[in-house]
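These notes concern the structure reproduced below.
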Ligand code: PGA
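In this note's numbering, the protein residues as written are 1 to 249.
Printed below as a string of structure tokens:
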């Protein structure tokens with residue numbers, strides 16, 4: 001049985017006051033929610049406040065990105081060990097906005113995944129097709145390339161510590177959610193890649209999240225698909241009541 005994960009990606013939203021106010025409201029709403037892992041990924045400057053606000057709760061904090069070197073002359077970058085030291089347990093890797101606006105490649109993703117694992121963080125590796133790729137029926141091909149590019153040369157043990165998020169780019173922030181069947185098809189295809197690259201056991205253990213316009217009113221339908229192990233939630237994770245109702249689907 002794969003334990004569900006509900007993760008909130010706050011992107012470049014909320015200052016420190018807003019971060020603290022969110023947790024004040026959110027904590028009591030999920031105080032008894034033990035059925036899943038709950039993760040919030042705030043901006044770097046709010047990580048410490050978020051970690052402090054969630055001490056003695058089951059809410060975990062994650063980064064939205066990391067650089068693959070541990071330290072060095074890399075102005076503006078943050079490393080895995082730094083995220084770990086501040087209290088993060090998770091980190092997003094290669095979110096489609098990182099790919100789209102900052103040119104991140106599958107090889108960058110691979111290096112970031114290894115760096116995250118070396119630092120003791122759980123990477124959530126994001127993959128997903130663009131609208132034109134889906135329309136050209138290239139979804140499987142894109143997923144295959146991104147999956148294998150990002151996970152190449154990982155050992156079985158390393159792979160067992162990562163989580164995959166399937167996020168079709170056309171569904172992110174658009175209000176156009178993939179149907180549960182569409183998402184499940186993509187998840188099945190990704191799981192098949194895990195089986196090919198790693199093993200049948202790795203494939204059945206691997207947690208695959210769906211992301212893209214997840215809302216309180218569509219989470220149940222998505223989670224009803226046995227292939228879908230949770231959600232990576234952008235917009236709807238910014239509001240404590242809305243994200244709590246997603247967590248408590
Ligand atoms: P959205 O974003 O829920 O606002 O569509 C999802 C994501 O980018 O992870």
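By construction, the Cβ of each residue, glycine as well, lies at the ideal position given by its N, Cα and C atoms.
These figures come from a predicted structure and were not determined experimentally.
Under DSSP, the alpha helix (DSSP H) around residue i begins and ends at which residues?
i: residue 221; result: 219-223
i: residue 180; result: 180-197
i: residue 172; result: No alpha helix (DSSP H) holds residue 172; DSSP gives it neither H nor E.
i: residue 114; result: 106-118
i: residue 204; result: 200-205
Is the closest heavy atom of the ligand PGA to the C-beta of residue i under 6 Å?
i: residue 114; result: no
i: residue 79; result: no
i: residue 172; result: yes
i: residue 63; result: no
i: residue 247; result: no
i: residue 230; result: no
i: residue 213; result: yes
i: residue 9; result: yes
i: residue 241; result: no
i: residue 177; result: no
i: residue 39; result: no
i: residue 150; result: no
i: residue 233; result: yes
When DSSP labels each residue in this structure, what does residue i get in the three-state scheme?
i: residue 65; result: coil
i: residue 152; result: coil
i: residue 165; result: strand
i: residue 125; result: strand
i: residue 239; result: coil
i: residue 79; result: strand
i: residue 214; result: coil
i: residue 56; result: coil
i: residue 39; result: strand
i: residue 177; result: coil
i: residue 138; result: coil
i: residue 46; result: helix
i: residue 32; result: coil
i: residue 245; result: helix
Quickly, what does DSSP pair residue i with across the bridge? List them, please.
i: residue 230; result: 5
i: residue 92; result: 124
From which residue to which residue does the beta strand (DSSP E) around residue i run?
i: residue 211; result: 208-211
i: residue 19; result: Looking at the DSSP string, residue 19 is not in any beta strand (DSSP E); the run it does join, the alpha helix (DSSP H), is 16-29.
I believe residue i touches residue j by the beta-carbon criterion, under 8 Å. Please report the beta-carbon distance rounded to the nearest angstrom.
i: residue 78; j: residue 63; result: 7 Å
i: residue 166; j: residue 208; result: 6 Å
i: residue 38; j: residue 247; result: 6 Å
i: residue 222; j: residue 171; result: Not really, about 11 Å apart at Cβ, beyond 8 Å.
i: residue 90; j: residue 122; result: 5 Å
i: residue 14; j: residue 238; result: 7 Å
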